[in-house]
Structures are given as C-alpha cells and as structure tokens.
Amino acid sequence: MIERAIELADQIDYYCSKEKDLKLDSLSEQDWAELEKICNFLKSFTDATKAAEGHAHAIDRTLPIMDFLLSKFEAAQIEYADDAFMAPCIDAGWAKLDAYYTLTERSSAYVGAIVLSPHRKWHYFDTAWEEHPEWIESNKTAVEDLWKSRYAPVAKSAESSAQSLVEKPLAKNSCLAWEDEHEDSELPTLFDEYQNYISAPRIKVKDVRRWWLEDTQQTLYPNLSKMALDLLSIPAMSAEPERLFSDTKITLQDRRNRLGIDIIEAIECIKSWSKTHNLAWVDDAELVLDTAIIGEGEQKGTSNIIPDITSNR
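Residues in the sequence shown are numbered consecutively from 1, following the UniProt record's numbering.
The following block contains the structure:
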C-alpha cells in the first residue's frame, strides 16, 4: 500500500488539495520522504514472507529468516542512527523481533530442523552464532536430548540390532570356525545414528524431506529419519494449514451435515494428495469391485461401508 501511494504521490497531493476536508491530512515533502524510507526498509520483510510461505517451506527456514531480518535491523540502526524519526522505529522493531527470537529457545525443533537439513547441519550455527558459542553448545545439548529421549532406540535393542549387523552364522567347517574366532572382538556394538549423521560431510539436496524418504537414509538412519520428518513437516508459516482447514467448508455443505470426522479426514487427504499427484488411483477392476462392495453394504444397512484409507499413512 505504501509503495503504491508513493507511485501516485502527485495524484494524491492533487486530490487532497482539491478537497477542503482533506487539506489537514495532506502529506508534506518530509512525510513522503519518511514513507519512502519505511517502504525501502519493509521490502526485506516482503522477501522474508515470500521465502516462508507455501507448503514447500518448513520450520528449518524460521531461524535463518529471522537472522536475515535481524541483520537488516542492525544495518538500519547504523544507517539511521541520527534520524529522529527512523531511529526509534528501528530500535522498537529490533526489540520486538529479538523477543520472538528468544521465544524459539522454548523448543529445540527450530534448531533441530536446521541440523537435520543435510546441507546445513551445525555449520549454519557455527557461522551465524560465531560470537555466541554458548548458544551453540546449549542447543547441541538440547537437540541431542530430543534425539535420545524420543527417537533413539533404547540401549538394549540398539545393541542387539548393531550386533545383528556384524554377527555371522556359525561356521560348519573348521576353516570358517577358525576365522570367526580370530575376528576383531572390539567392533562397536552401538550405532548412534545422530552422531554418524553429524560427522558425515554436508551435501546439497533439492528437497530435504524427499532426501530423508530415500531408501538409503531410511536404511542407514531408520530412527533419525523419523525425527527429521517430524521436524521438517512443521510448516514455516500457518498460512497453508489455515488454507487447508478453511477448505473443509466446501466439503461440509448443508446436504453433508452428517459426515463423520473420519470421512472428512479421508476426503481432505484425498483432495490434498490428488493436487500434489501423490495418490495412486485404483484400476477399473478394483473400482468395480469396491463399488459392488459399497452397494452391498448400503443394501444391508451397514454404516461402515467406506474403508479407512488413512490407516497406512
């Protein structure tokens, strides 16, 4: 709105000068100059908003975007240090954003999502928080605690799982038995997926969530991949979830006021999956069979005639 007003500044001034009731609301040259400063500064917020919107962006973008905006505030504090109008505005904005930044400490999900992005890991914080090493150490502890408390397998099951990878079946001949006896008995028995992932080199990927769903990661990090997908499924903004929620009003019409929550969930899932081409449609033979089953259920008066399509999600 401000940008459009600046483009039409001459027309707005002319209109205000012709209307007697608007003369007191006319903007001076100084007012227009201050509006232009505000507009130029807020362009960074427009870019930040666009960088976070949509279903493709997850919570791993939150802290980098806030770091980007904080850098803009800090640069503006230097640029407008002697500006009586802009200086207090910049300071107030920085204080508010810093307060929100501090609130992210309540959850390790923000940092964990970045760490579980294979192109970033802890390298991002080593650079962004270079002047605050204590932040890095405290967050490393928090993320590792999240991993150990909710996702890491218990020591007993992890040990047996690791041993199953290195144990060989008992040899039936003396030569193989001799080899088994002389194998290294000090092989590690506990495989820590998180530490192995952190120590691996960073790699550039186009889609982080798709990378974690690949067979390689699912096999190498069966538990860590669950943590990654849980964190990276949190959207960076609430706009997309709100849009999906509002979309249900199209489904819930007056003639469908008796739909159960399970059916509504199934319908919304199908709608979402079909839009992203992530739905495997059944062939004609299966469709005919399902239709016959549903028709038979309707004749018998059974209520549960639609299969639970969300059970395998």
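Backbone N, C-alpha and C fix where the C-beta goes; we use that ideal spot for every residue, glycine too.
Strictly by DSSP, which residues pair up with residue i?
| i | result |
| --- | --- |
| Ala58 | Pro235 |
Less than 8 Å between the beta carbons of residue i and residue j, yes or no?
| i | j | result |
| --- | --- | --- |
| residue 314 | Cys16 | Examination of residue 314 is not possible in this model, given that the chain is present from 1 through 313 alone. |
| Ala142 | Ser117 | no |
| Ala51 | Ile65 | yes |
| residue 314 | Tyr151 | This structure leaves residue 314 out entirely; the chain is present only between 1 and 313. |
| Ala48 | Ile234 | no |
| Leu229 | Trp212 | yes |
Quick check on residue i: does DSSP put it in helix, strand or coil?
| i | result |
| --- | --- |
| Met66 | helix |
| Gln253 | coil |
| Ser107 | coil |
| Phe85 | coil |
| Trp94 | helix |
| Ser117 | coil |
| Lys204 | coil |
| Val143 | helix |
| Trp212 | helix |
| Pro153 | coil |
| Ala162 | At Ala162, the pLDDT of 46 sits below 50, so the modelled position is not reliable; the number obtained from the coordinates is stated separately. Three-state result, Ala162: helix. |
| Leu35 | helix |
| Tyr80 | coil |
| Leu27 | coil |
| His132 | coil |
| Met1 | coil |
| Tyr221 | coil |
| Asp230 | helix |
| Asn173 | coil |
| Gly112 | helix |
| Asp13 | helix |
| Trp122 | coil |
| Leu244 | helix |
Enumerate in chain order the residues of its own chain whose CB-to-CB distance from residue i is below 8 Å, with the five nearest sequence positions on each side excluded.
| i | result |
| --- | --- |
| Glu144 | Tyr194 |
| residue 349 | Outside the shown range of the chain, which is 1 to 313, sits residue 349, and nothing can be said about it. |
| Arg120 | Asp60, Ile114, Arg202 |
| Leu287 | Low per-residue confidence applies at Leu287: pLDDT is 48, beneath 50, and the placement is therefore not dependable, though the value from the model is reported in the following sentence. So the list is empty, once near-sequence residues are dropped. |
| Ile6 | Trp32, Leu35, Glu36, Cys39 |
| Ile12 | Ala5, Leu27 |
| residue 316 | Limits of the chain in this structure are 1 at one end and 313 at the other, which puts residue 316 out of reach. |
Any Cβ of chain B within less than 8 Å of the Cβ of residue i?
| i | result |
| --- | --- |
| Thr216 | No chain B is present in this structure, which holds just one protein chain. |
When every heavy atom of the ligand MG is checked, does at least one fall within less than 7 Å of the C-beta of residue i?
| i | result |
| --- | --- |
| Lys72 | As far as ligands go, the structure on display features none, and thus does not contain the ligand MG. |
To which residues of the same chain is residue i closer than 7 Å at the C-beta, ignoring the five residues directly before and after it?
| i | result |
| --- | --- |
| Gly54 | Glu240 |
| Tyr197 | Tyr221, Leu224 |
| Ile90 | Phe73, Ala76, Gln77, Tyr80 |
| residue 315 | The structure shown does not extend to residue 315, since the chain is modelled only from 1 through 313, so no value can be given for it. |
| Leu146 | Ser108, Gly112 |
Going along the chain, which residues of its own chain have a beta-carbon closer than 6 Å to the beta-carbon of residue i, five neighbours each way excluded?
| i | result |
| --- | --- |
| Arg209 | Leu232 |
| Thr62 | Tyr110, Ala236 |
| Asn139 | Val111 |
| Ala128 | Asp67 |
| Ile136 | Phe125, Trp129 |
Segment contact, 8 Å Cβ cut-off, at least three pairs: the segment 85-92 with the segment 100-108: Contact fails: fewer than three Cβ-Cβ distances are below 8 Å.
Three-pair Cβ contact test at 8 Å for the segment 245-253 versus the segment 120-136: Taking 8 Å as the limit for Cβ pairs, the verdict is that the segment 120-136 does not touch the segment 245-253.
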